[in-house]
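Number of protein chains: 2
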Amino acid sequence: MEAALDDALAPERPERLREAMRYSLLAGGKRLRPILCLASCELAGAARSLAMPTAVALEMVHTMSLIHDDLPAMDNDDLRRGRPTNHKVFGDANAILAGDALLCRAFEMVAERSPGVPAERRVQVVAALARAAGAPGLVGGQVVDLESEGKLVGLETLEYIHLHKTGALLEISVTSGAMIAGAPGELVEALRRYARGIGLAFQIIDDILDVTADSATLGKTAGKDLIADKTTYPSLLGLDESRRRADALTTEATQSIEAWGEAAQPLMALASYITARDR
Amino acid sequence: MEAALDDALAPERPERLREAMRYSLLAGGKRLRPILCLASCELAGAARSLAMPTAVALEMVHTMSLIHDDLPAMDNDDLRRGRPTNHKVFGDANAILAGDALLCRAFEMVAERSPGVPAERRVQVVAALARAAGAPGLVGGQVVDLESEGKLVGLETLEYIHLHKTGALLEISVTSGAMIAGAPGELVEALRRYARGIGLAFQIIDDILDVTADSATLGKTAGKDLIADKTTYPSLLGLDESRRRADALTTEATQSIEAWGEAAQPLMALASYITARDR
Numbered sequence: 001m002e003a004a005l006d007d008a009l010a011p012e013r014p015e016r017l018r019e020a021m022r023y024s025l026l027a028g029g030k031r032l033r034p035i036l037c038l039a040s041c042e043l044a045g046a047a048r049s050l051a052m053p054t055a056v057a058l059e060m061v062h063t064m065s066l067i068h069d070d071l072p073a074m075d076n077d078d079l080r081r082g083r084p085t086n087h088k089v090f091g092d093a094n095a096i097l098a099g100d101a102l103l104c105r106a107f108e109m110v111a112e113r114s115p116g117v118p119a120e121r122r123v124q125v126v127a128a129l130a131r132a133a134g135a136p137g138l139v140g141g142q143v144v145d146l147e148s149e150g151k152l153v154g155l156e157t158l159e160y161i162h163l164h165k166t167g168a169l170l171e172i173s174v175t176s177g178a179m180i181a182g183a184p185g186e187l188v189e190a191l192r193r194y195a196r197g198i199g200l201a202f203q204i205i206d207d208i209l210d211v212t213a214d215s216a217t218l219g220k221t222a223g224k225d226l227i228a229d230k231t232t233y234p235s236l237l238g239l240d241e242s243r244r245r246a247d248a249l250t251t252e253a254t255q256s257i258e259a260w261g262e263a264a265q266p267l268m269a270l271a272s273y274i275t276a277r278d279r
Numbered sequence: 280m281e282a283a284l285d286d287a288l289a290p291e292r293p294e295r296l297r298e299a300m301r302y303s304l305l306a307g308g309k310r311l312r313p314i315l316c317l318a319s320c321e322l323a324g325a326a327r328s329l330a331m332p333t334a335v336a337l338e339m340v341h342t343m344s345l346i347h348d349d350l351p352a353m354d355n356d357d358l359r360r361g362r363p364t365n366h367k368v369f370g371d372a373n374a375i376l377a378g379d380a381l382l383c384r385a386f387e388m389v390a391e392r393s394p395g396v397p398a399e400r401r402v403q404v405v406a407a408l409a410r411a412a413g414a415p416g417l418v419g420g421q422v423v424d425l426e427s428e429g430k431l432v433g434l435e436t437l438e439y440i441h442l443h444k445t446g447a448l449l450e451i452s453v454t455s456g457a458m459i460a461g462a463p464g465e466l467v468e469a470l471r472r473y474a475r476g477i478g479l480a481f482q483i484i485d486d487i488l489d490v491t492a493d494s495a496t497l498g499k500t501a502g503k504d505l506i507a508d509k510t511t512y513p514s515l516l517g518l519d520e521s522r523r524r525a526d527a528l529t530t531e532a533t534q535s536i537e538a539w540g541e542a543a544q545p546l547m548a549l550a551s552y553i554t555a556r557d558r
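Same order as they appear, the protein sequences are chains A and B.
Once you know that position 86 of the first sequence is 86 in my numbering, the rest is easy, because the numbers rise by one and skip nothing.
Once you know that position 56 of the second sequence is 335 in my numbering, the rest is easy, because the numbers rise by one and skip nothing.
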């Protein structure tokens, strides 16, 4: 995965822009979205290499959202994955532009750098990725998240934020692999349910870790939800109930794909990893 | 064209994001990119309606670039098309996010909202649009433009900036219409030459107008290149030579498509309009 990411930005110009794009794309991280995509492509019976350009595209979209979210105009964060954030190193203008360029490159990856995938499937993934990244997904979630800062919001708004800001991209990460493999609609729908479950569980764990972990382990500023006066699962439900809810969602998620037996094992393991992770 | 743009963002959520997207997308403007796309689709022998979703997408990408360019972190402009810029009305965070959302929606328009266009052509346009908007095009040009501010740059760098910052999107505006119509490679190449000519002419005229027109006519701040200490065609070549160069480029542009006779008339007229415009 790291090699594929490294490869994807090799010929980028101008140099300063390429550096800014690579700085954040190659900064490590869990690579959860690409891995989910490859695992779901394999579950659907195709070689994982078929989904590799899309897997790279998903990490590019994720990286773009981190770069833009960290900007002073938004979350104003100085630390990400244990290193200074993109705008701290390259300046606000280059950080905005590096994000824009990563987003564009992501669509190019899916549309053009996926030989062997029929064009019909590629346009399907482009459209679904565009929705997941845009107003009906990630961007929409971020707008409501920013609007909600410093306000007491209810569970409904909190779930709206997470289903859009984190959930939408996790969902397309899982379903795109299957789409590329030409999976039947029934499998795509089961994977969508799986993705929704782990997506929300993922976010609950994120909220829990913000309270319980330290910055060094997280690689980003711990306790920032509290400082930003953000409503979180622990603040609404308490730590114990939040943990129980994450576990229940993970169980539901794995149940929706267990009918696929052995082939579903990697996605099962990823679901457990999400609930058990400490960063 | 205005109706199609209005239609494209009808169901957008959340409300505040939709407002920000519509504010800039529906702020008037010449609609040059969509019109070029429709004209080239007709020249290639297809109904213009076939290219309408792509025409809308082109205006979305253009609008996104204006919103991001106007940000305080970049050109820090308060006025655009005679109205306060997006971030002045909606704040920096929403302006960044509205731009991101418009970019995503643009790819969705091409990929999914183009029934009747074979998937092969749609992925071709998605990939070309992604390059035109991203690091190899618009974003790359903007990075070099920002780097060059306050410096004396030569004609080569100036042309690099314009071929990327303005030229790339104008080129795909013209070629995408023909791609969607399934035009032969020979026509697409002739249109590419046409687009390069009018693209550079367009930018030279822009530079001239920045010197000779007033803010009220332009609908944006006049003289800002001078204030920002930017190298322009007039500052390098003088006004008369700049004007001559724009005319020569326009003539070359029209010559490259005159073999298509009557059918090329609308694009011929658009080339003359670009050279003669006063805003």
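Note that the Cβ used here is the ideal one computed from N, Cα and C, for glycine as well.
For clarity, every value in this text was computed on a predicted model and none was experimentally measured.
Beta-bridge pairing of residue i - partner residues as DSSP gives them
i, result
"A/Leu79", "A/Pro84"
Candidates the options, of which the one nearest residue i by Cα
i, options, result
"B/His441", "B/Ile487, B/Ser455, B/Gly420", "B/Gly420"
"B/Ala460", "B/Tyr302, B/Ala287, B/Met353, B/Ala318", "B/Ala318"
"A/Leu51", "A/Gln203, A/Val139, A/Ile172, A/Glu189", "For the record, residue 51 of chain A in the displayed sequence is Ala; it is not Leu. Closest option to A/Ala51, Cα to Cα, is A/Ile172."
"A/Gly134", "B/Val423, B/Met388, B/Ala542, B/Met353", "B/Met388"
"B/Met458", "B/Gly429, B/Arg400, B/Leu431", "B/Arg400"
"A/Ser284", "A/Pro115, A/Ala93, A/Ile67", "Since the first and last residues shown for chain A are 1 and 279, residue 284 of chain A lies out of range."
"A/Arg22", "A/Leu43, A/Val56, A/Thr232", "A/Val56"
"B/Val368", "B/Ala282, B/Glu520, B/Arg295, B/Glu541", "B/Arg295"
"B/Gly361", "B/Val396, B/Asp493, B/Asp286", "B/Asp493"
"A/Leu187", "A/Trp260, A/Val211, A/Gly238", "A/Trp260"
"A/Ala26", "A/Asp92, A/Pro266, A/Thr85, A/Leu267", "For clarity, residue 26 of chain A is Leu in the given sequence; the question names Ala instead. The shortest Cα separation from A/Leu26 among A/Asp92, A/Pro266, A/Thr85, A/Leu267 belongs to A/Thr85."
"A/Leu169", "A/Ala3, A/Leu249, A/Pro11, A/Leu36", "A/Leu36"
"A/Gly137", "B/Ala377, B/Val422, B/Leu425, B/Ala543", "B/Ala377"
"B/Ser303", "B/Lys509, B/Glu321, B/Glu281", "B/Glu281"
"A/Leu333", "B/Pro293, B/Ala287, B/Leu284, B/Ala283", "For chain A, the structure presents residues 1 to 279; residue 333 of chain A sits outside this window and is missing."
"A/Thr54", "A/Ala46, A/Ala95, A/Gly177, A/Gly199", "A/Gly177"
"A/Val125", "B/Phe386, B/Leu437, B/Val396", "B/Phe386"
"A/Thr275", "A/Ala264, A/Ala263, A/Thr212, A/Arg243", "A/Arg243"
"A/Leu191", "A/Thr232, A/Ala264, A/Glu112, A/Ala73", "A/Ala264"
"A/Asp70", "A/Ala95, A/Cys41, A/Gly28", "A/Ala95"
"B/Leu431", "B/Leu488, B/His366, B/Asp504, B/Val418", "B/Asp504"
"A/Ser318", "A/Leu236, A/Lys230, A/Thr232, A/Gly199", "Residue 318 of chain A is absent from the structure shown; chain A starts at 1 and stops at 279."
"B/Leu546", "B/Leu322, B/Gly307, B/Val418", "B/Leu322"
"B/Lys444", "B/His347, B/Pro290, B/Glu298, B/Asp286", "B/His347"
DSSP-derived helix/strand/coil call for residue i
i, result
"B/Val396", "coil"
"B/Pro545", "helix"
"B/Lys509", "coil"
"B/Ser535", "coil"
"B/Lys234", "Nothing about residue 234 of chain B can be reported from this structure: the residues present for chain B run from 280 to 558 only."
"A/Leu71", "coil"
"A/Met1", "coil"
"B/Leu305", "coil"
"B/Leu562", "Not covered by the structure: residue 562 of chain B. The range shown for chain B is 280 to 558."
"B/Ala299", "helix"
"A/Leu9", "coil"
"B/Asp493", "coil"
"B/Ala460", "coil"
"B/Asp557", "coil"
"B/Gly310", "Inspection of the sequence shows that residue 310 of chain B is occupied by Arg rather than by Gly. It is coil, neither helix nor strand."
"A/Gly261", "helix"
"A/Gly238", "coil"
"A/Gly99", "helix"
Check: residue i C-beta below 8 Å from any heavy atom of the ligand ZN
i, result
"A/Ile257", "In the structure on display, the ligand ZN does not appear, and there are no ligands present to speak of."
Counting only runs of 4+ residues fully inside the region 409-457 of chain B, write out the alpha helix (DSSP H) ranges in chain order.
417-427, 434-441
Would you be able to state if there are at least three C-beta pairs under 8 Å between the region 245-265 of chain A and the region 190-198 of chain A?
yes
Mind the definition here: the region 398-413 of chain B touches the region 371-381 of chain B only if three or more C-beta pairs lie below 8 Å; say whether that holds.
no
Any contact between the region 18-37 of chain A and the region 56-67 of chain A? By contact I mean 3 or more CB pairs, one from each, below 8 Å.
yes
Should the region 72-81 of chain A be regarded as contacting the region 197-212 of chain A, the criterion being three or more beta carbon pairs within less than 8 Å?
no
What are the complete beta strand (DSSP E) segments, minimum 3 residues, inside the region 35-74 of chain A?
none
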